[in-house]
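*Asks:*
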Amino acid sequence: MKFGILVNEGPYTHQASDSAYHFTKAALEKGHEIYRVFFYNDGVNNGSRLTVPPQDERNIQNNWTELAEKHDLDLVVCVAAAQRRGILDENEAKRHSKNADNIAPGFRISGLGQLIETGIECDRVVAFGD
Amino acid sequence: MKFGILVNEGPYTHQASDSAYHFTKAALEKGHEIYRVFFYNDGVNNGSRLTVPPQDERNIQNNWTELAEKHDLDLVVCVAAAQRRGILDENEAKRHSKNADNIAPGFRISGLGQLIETGIECDRVVAFGD
Amino acid sequence: MLHTVNKSPFEKTTFDSCLNHARPGDAILLIEDGVYAAVKGTAVAERVAALNGDLSIYALGPDLSARGIKDTSLIERISVVDYGGFVDLVAEHDVSQAWL
Amino acid sequence: MLHTVNKSPFEKTTFDSCLNHARPGDAILLIEDGVYAAVKGTAVAERVAALNGDLSIYALGPDLSARGIKDTSLIERISVVDYGGFVDLVAEHDVSQAWL
Amino acid sequence: MSAEENGAGAEDQKKFLYVNRRAPYGTIYALESLEVVLIGAAFDQDVSLAFFDDGVFQIIKGQDTAGIGMKNFSPTYRALGDYEVTKLYVEKESLEERGLTADDLMEITYEDEDDDWAEKSSVQLVSRAELSEIMAAQDVILSF
Amino acid sequence: MSAEENGAGAEDQKKFLYVNRRAPYGTIYALESLEVVLIGAAFDQDVSLAFFDDGVFQIIKGQDTAGIGMKNFSPTYRALGDYEVTKLYVEKESLEERGLTADDLMEITYEDEDDDWAEKSSVQLVSRAELSEIMAAQDVILSF
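Chains as they are written, first to last, in the working numbering: chain Y, 1 to 130; chain V, 131 to 260; chain W, 261 to 360; chain S, 361 to 460; chain R, 461 to 604; chain L, 605 to 748.
#1: Please decide whether R682(L) counts as near chain W, where near means a Cβ-Cβ distance under 8 Å.
#2: Pull up the distance between the alpha-carbon of K330(W) and that of G294(W), whole angstroms please.
#3: Please name the residue, chosen from Y570(R), I528(R), W577(R), V516(R), that lies closest to E553(R) on a Cα-to-Cα basis.
#4: If you draw a straight line from the alpha carbon of G613(L) to that of G644(L), how long is it in whole angstroms?
#5: Hey, out of P105(Y), N62(Y), F107(Y), V77(Y), whose CA is closest to D18(Y)'s CA?
#6: In terms of residue numbering, what span does the alpha helix (DSSP H) encompassing S554(R) cover?
#7: Could you tell me the distance, in whole angstroms, from the CA atom of L262(W) to the CA atom of V651(L)?
#8: What does V365(S) touch in chain R if you count any residue whose Cβ is under 9 Å from its own?
#9: With a 10 Å radius around its C-beta and 16 neighbouring C-beta atoms as the bar for buried, classify E371(S) as buried or exposed.
#10: Please state the DSSP three-state secondary structure of H381(S).
#11: Under a three-way DSSP split, which group does Y629(L) fall into?
#12: Spell out whether any CB of chain V is found under 8 Å from the CB atom of S747(L).
#13: Here's the rule: buried if 16 or more other CB atoms are within 10 angstroms of the residue's CB, otherwise exposed. What is R214(V)?
#14: Taking any Cβ of chain L, which residues in the stretch 51-68 of chain Y have a Cβ under 9 Å from it, in chain order?
#15: How many Å lie between P384(S) and S439(S) at the Cα?
#16: Interface residues of chain C around A230(V) at Cβ under 7 Å?
#17: Give the residues of chain R in contact with V125(Y), contact being defined as C-beta atoms less than 7 Å apart.
#18: Specify the secondary structure class of F169(V) as computed by DSSP and reduced to three states.
#19: Check each candidate in V256(V), L197(V), M131(V) and name the one with the smallest Cα separation from K155(V).
#20: Relative to the C-alpha of S178(V), which residue among I135(V), T195(V), F258(V) is closest?
#21: Quick check: is the beta carbon of F503(R) nearer than 8 Å to any beta carbon in chain Y?
#22: Below 8 Å on the Cβ atoms is my contact criterion, and I expect Y170(V) with A211(V) to pass it. Report the Cβ-Cβ distance as a whole number of Å.
#23: Might you give, ordered along the chain, the residues of its own chain that have their beta carbon closer than 6 Å to the beta carbon of N312(W), omitting 5 neighbours on each side?
#24: Are E9(Y) and D56(Y) closer than 8 Å when you measure CB to CB?
#25: Taking only beta-carbon atoms, is I339(S) less than 8 Å away from chain Y?
#26: My understanding is that F258(V) touches A358(W), with C-beta atoms under 8 Å, so please give their C-beta distance in whole angstroms.
#27: How would you list, in chain order, the residues of chain V whose beta-carbon sits under 8 Å from the beta-carbon of G344(W)?
#28: Just list the residues that DSSP pairs V507(R) with in beta bridges.
#29: If I follow the unbroken beta strand (DSSP E) through K136(V), where does it start and stop?
#30: Go to S747(L), then tell me how far its beta strand (DSSP E) extends in each direction, as first and last residue.
#31: Can you tell me whether R682(L) is helix, strand or coil according to DSSP?
#32: DSSP three-state label for T713(L), please.
#33: Taking Cβ-Cβ distances shorter than 7 Å, what residues in chain L pair up with N280(W)?
#34: On the CB-based measure, 16 or more other CB atoms within 10 Å of its CB, does S462(R) come out buried or exposed?
#35: Where does G611(L) land, buried or exposed, given buried means 16+ other C-beta within 10 angstroms?
#36: Whose CA, out of Q617(L), D616(L), Y629(L), F655(L), lies closest to the CA of S747(L)?
Rendered as structure tokens:
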């Protein structure tokens with residue numbers, strides 16, 4: 001089956017991103033297709049490469065990046081939500097005259113249409129949040 | 131009177147930072163001293179200079195930065211909470227081999243002891259959160 | 261002692277817990293989504309109206325207006341304050357507890 | 361239809377609202393802090409035990425273990441699933457609603 | 461990207477329901493949910509919005525956010541008709557618990573092209589049981 | 605910075621209360637509150653912790669987080685005695701509503717230097733009314 005995943009909260013503060021990660025892994029192990037993981041609201045903060053969690057804790061951004069590499073996942077960060085919260089890629093940084101960007105490998109910034117498309121294309125959409 | 135302010139949530143997603151800002155402004159207008167504004171939990175995300183809110187919305191980071199300039203406020207972002215969430219200044223970025231930083235003007239990164247000190251030194255501590 | 265409550269009483273149990281722990285002479289300030297507890301005729305209004313009279317209950321005006329709540333809709337015992345009044349309440353009470 | 365609830369029934373009203381809207385034949389999966397609703401002998405347990413038998417209620421095992429909840433503490437009608445079981449529940453039901 | 465490119469012509473539209481259960485301003489979920497609805501309107505799907513629990517507060521009349529320095533986004537709900545989003549279900553029980561009636565809600569209307577562009581209300585009051593039926597009939601439920 | 609440098613010697617200690625009302629793991633507040641307690645212990649103030657509402661779940665026995673991939677931080681509560689944090693108030697009513705008794709809580713102890721280093725429990729069960737008194741007697745309440 002084709003699954004779409006929606007993550008509405010940032011890393012560490014809420015369990016949402018962890019739950020979504022474990023669900024995604026389990027779905028892949030069962031042979032399902034993950035069409036896209038869409039990060040919205042504070043969920044966009046999962047896509048920052050600047051996080052430095054304590055060494056004895058999981059690294060949520062790395063977990064997503066590695067899972068994406070291994071399974072060729074499409075990790076999409078909503079551009080509007082990302083702008084509000086300061087998650088930028090090189091293009092966005094340039095466009096808004098910011099002198100740094102912080103998007104993590106494996107994540108891409110795109111529009112909300114990608115969430116609607118996920119709803120249209122997928123057999124199931126599962127949301128994780130606060 | 132000497133006030134300490136604690137902000138536990140990031141910008142935009144919760145009203146906490148807005149409420150803390152309006153409270154701080156009102157306290158200053160009434161002639162109170164703001165000893166420190168301490169940003170903890172997701173509150174550290176208020177200190178990112180990379181946010182680009184829509185033009186018809188308030189800019190929360192700018193609001194804090196300008197208030198700090200005008201009144202010489204001490205805006206402190208907790209280092210441990212900031213590392214988890216990817217808020218870094220130049221030193222922190224270097225120390226953790228990250229190739230970018232994102233701290234906003236007027237904010238500084240320091241330890242949790244600064245929160246305890248706020249409790250010790252202030253007549254009142256007021257917390258804003260989720 | 262001053263208690264601040266910032267969540268809707270229909271969504272979270274913080275307001276209930278605050279009422280369970282507030283003592284006579286204490287003050288409660290409703291802010292943000294907490295101001296919905298200040299409205300007459302709701303499923304929680306009776307509990308508020310029946311509270312010990314020694315408990316002062318305030319609601320933040322700017323948060324009421326944002327949510328379209330008129331002064332005429334408020335439970336009688338509620339006093340409305342602005343951010344300056346919020347500051348005064350904090351100053352008047354030895355310690356504040358935010359019911360987050 | 362599958363409902364997921366991730367908040368403690370003592371903290372938020374999402375579990376209540378879910379029960380109010382679930383229909384016979386639906387399934388409810390308790391995850392994260394939602395698993396506290398699966399425990400026997402609490403102030404909410406009676407409501408869960410008394411629900412229509414056509415409503416299936418599941419709780420996520422890894423979240424139960426993290427919170428120190430043993431299988432013997434669970435209300436009888438609750439079935440425990442792992443993340444794979446969560447995936448199966450989503451697949452088996454046409455649509456999922458997350459009670460955030 | 462147009463709806464056609466997504467293979468979502470009228471014959472294979474999906475039923476999308478946006479669930480609104482949170483109050484505005486205290487958190488951003490109401491606003492960011494509305495932003496999804498506006499973008500989603502371009503995709504030519506069968507769209508409905510449900511307002512229940514504290515979500516009914518989103519469409520209350522007379523919101524004035526000047527004092528909290530935030531943008532009042534409530535007028536946007538009134539523009540939904542222009543986006544052909546015309547089905548807003550509001551749960552009666554949620555209104556009652558909050559001491560509200562239909563008169564407390566903003567007037568949200570659309571012009572019905574199948575009825576000589578007559579102006580009609582987009583808001584439909586439904587019972588809890590009816591709302592449960594509506595939810596169960598969806599293909600995709602988006603809840604923030 | 606030492607406590608002395610802060611002008612916080614024993615004669616002018618402040619009473620700090622850390623309020624714990626949230627369950628662990630679902631959100632980070634319990635963990636990050638505990639991190640404040642550990643740092644704060646160096647400041648030689650009069651420190652208490654209150655566990656009530658869902659906060660009582662923080663100190664439940666038998667937590668095993670292997671399956672959710674998060675760190676089990678509950679053993680840190682047992683180390684609080686080493687930091688001279690020895691007053692943990694737990695509300696009886698909160699336990700009862702959750703079907704819990706004192707036996708469900710971890711054993712958290714300290715060695716009493718004024719009583720020949722006898723090992724004593726740091727946990728004190730208090731009624732709701734007693735907890736209200738304790739809260740009212742504080743100089744600083746930190747709640748996350």
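Just so it is clear, CB atoms sit at the ideal spot from N, CA and C, and this is done for glycine as well.
*Replies:* So, to answer that:
#1: By this cut-off, R682(L) is not an interface position.
#2: Within the model, the alpha-carbon separation for K330(W) versus G294(W) is close to 15 Å.
#3: It is V516(R).
#4: In this predicted model, G613(L) has a pLDDT of only 47, less than 50, meaning its place in the structure is not dependable enough to derive any value.
#5: The shortest Cα separation from D18(Y) among P105(Y), N62(Y), F107(Y), V77(Y) belongs to N62(Y).
#6: Taken as a continuous stretch (DSSP letters only), the alpha helix (DSSP H) holding S554(R) covers 552-557.
#7: Cα-Cα distance, rounded: 20 Å.
#8: Residues of chain R passing the Cβ test: none, with the nearest at roughly 12 Å.
#9: The residue is buried, with at least 16 neighbouring Cβ atoms inside 10 Å.
#10: Helix at H381(S).
#11: Coil, per DSSP.
#12: At least one chain V Cβ lies under 8 Å of S747(L).
#13: So R214(V) ends up on the buried side.
#14: Within the stretch 51-68 of chain Y, those residues whose Cβ lies closer than 9 Å to any Cβ of chain L are, in chain order, P54, D56, E57, R58, N63.
#15: For P384(S) and S439(S), the distance between alpha carbons rounds to 17 Å.
#16: This model lacks chain C altogether; the protein chains it does include are Y, V, W, S, R and L.
#17: One finds V600 in chain R with Cβ atoms closer than 7 Å to the Cβ of V125(Y), taken in chain order.
#18: Secondary structure at F169(V): strand, using DSSP grouped into helix, strand and coil.
#19: Considering only alpha carbons, the answer is L197(V).
#20: Nearest C-alpha to S178(V): T195(V).
#21: At least one chain Y Cβ lies under 8 Å of F503(R).
#22: Between Y170(V) and A211(V) a beta carbon distance of about 5 Å is seen, short of the 8 Å cut, so the two are scored as contacting.
#23: Closer than 6 Å at Cβ, skipping near neighbours: P284.
#24: Cβ atoms of E9(Y) and D56(Y): not closer than 8 Å.
#25: Residue numbering for chain S in the displayed model covers 361 to 460; residue 339(S) lies beyond these limits and cannot be assessed.
#26: The Cβ separation is near 7 Å, so the contact holds.
#27: Going along chain V in sequence order, the residues near G344(W) (Cβ under 8 Å) are A156, E159, K160.
#28: Answer by DSSP bridge pairing, in chain order: F476(R).
#29: Checking the sequence, you will find Leu at residue 136(V) rather than Lys. Run containing L136(V): 132-137, per the beta strand (DSSP E) assignment.
#30: In the DSSP annotation of this structure, the continuous segment of the beta strand (DSSP E) that includes S747(L) starts and ends at 744-747.
#31: Three-state result, R682(L): helix.
#32: Three-state result, T713(L): strand.
#33: N280(W) reaches chain L at R732, counting residues in chain order whose Cβ is nearer than 7 Å.
#34: Confidence is the limiting factor: at S462(R) the pLDDT is only 43, short of 50, which leaves the residue's position unreliable and the question unanswerable from this model.
#35: The pLDDT assigned to G611(L) is 43, lower than 50, so where the model puts this residue is not dependable; a value taken from the coordinates is nonetheless given after this. With a 10 Å radius around the Cβ and a threshold of 16 neighbouring Cβ atoms, G611(L) comes out exposed.
#36: Comparing Cα positions, the closest option is F655(L).
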